[in-house]
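**Q**
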Amino acid sequence: MPSIDTFPNTYPNRDYEITHVNPEFTSVCPVTGLPDFATITLYYIPDELCIELKSLKYYYLEFRNKGIYFESSVNEILDDLVEACKPRYMKITGEFNTRGGIHSIVETEYYQPGWISAE
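If you're matching positions, the sequence shown starts at 16 in the numbering used here and goes up one per residue.
Right, dumping it as C-alpha cells:
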C-alpha cells in the first residue's frame, strides 16, 4: 500500500472535525472476483497531524484490485489511517452499493486513549 502522508495540524489546541468523502471506492469480492463499489466517509478529529488528500486518494486506489470483504476493508482503512495520523477520534463508514438485493453499511470507530470530547 502507498504511504499515507500527513501534515502538521495548525490548530492542535482545538477540537474540530474533518470529513472526507470518496464516492468512487472500489474493491473486489474475494468470493466472486466481481467489483464492489462504495462510498467511504472518513470523519476525524485531528491531534498533531492531518491527512494529506492526494496520498489518501492513492491509498484508496490500491483497494481497486484487492480481494477483500466489506468489513475487512473498512477496518483496514481505520487501522492504517489511525497509524498514519494518530487522531483524537476517527470514524470510517463504508456504504456499499446494493449487491444481491442487499445494501451494506459498515462503520468502525477509534478513540484516542484519554481523549474526552469537549461536547
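Ideal Cβ positions, reconstructed from N, Cα and C, are used throughout, including at glycine.
Pick from 130, 128, 78: whose alpha carbon is nearest that of residue 49?
**A** Here the closest residue by C-alpha is 78.
**Q** Leaving aside the five residues before and after residue 20 along the sequence, list all residues of the same chain whose C-beta is less than 6 Å from its C-beta, in chain order.
**A** Hits under 6 Å: 67, 70.
**Q** For residue 11, name the three-state secondary structure that DSSP assigns.
**A** The structure shown does not extend to residue 11, since the chain is modelled only from 16 through 134, so no value can be given for it.
**Q** Hey, out of 40, 30, 18, 128, whose CA is closest to residue 85's CA?
**A** Nearest C-alpha to residue 85: 40.
**Q** In angstroms, rounded to a whole number, what distance separates the CA positions of residue 91 and residue 61?
**A** Rounded to the nearest angstrom, the two C-alpha atoms are 19 Å apart.
**Q** So residue 86 is in the alpha helix (DSSP H); what residue range does that whole segment cover?
**A** From DSSP, the alpha helix (DSSP H) with residue 86 extends over 85-100.
**Q** Tell me the rounded alpha-carbon separation between residue 28 and residue 55.
**A** If you take the alpha carbons of residue 28 and residue 55, they lie about 28 Å apart.
**Q** Taking a contact to mean a Cβ-Cβ separation below 9 Å, would you say residue 102 touches residue 64 in this structure?
**A** For residue 102 and residue 64, yes; Cβs fall inside 9 Å.
**Q** Within the same chain, show all residues whose beta-carbon is closer than 8 Å to that of residue 89, passing over the 5 residues directly before and after it, in chain order.
**A** Same-chain partners within the cutoff: 55, 107, 108, 109, 121, 122, 123.
**Q** What are the start and end residues of the beta strand (DSSP E) that includes residue 49?
**A** Element bounds for residue 49: n/a, residue is neither H nor E.
**Q** Taking just the CA atoms, how far does residue 127 sit from residue 113?
**A** Going by the C-alpha atoms only, they are around 33 Å apart.
**Q** Who are residue 35's beta bridge partners in DSSP?
**A** In DSSP, residue 35 forms a bridge with 57.
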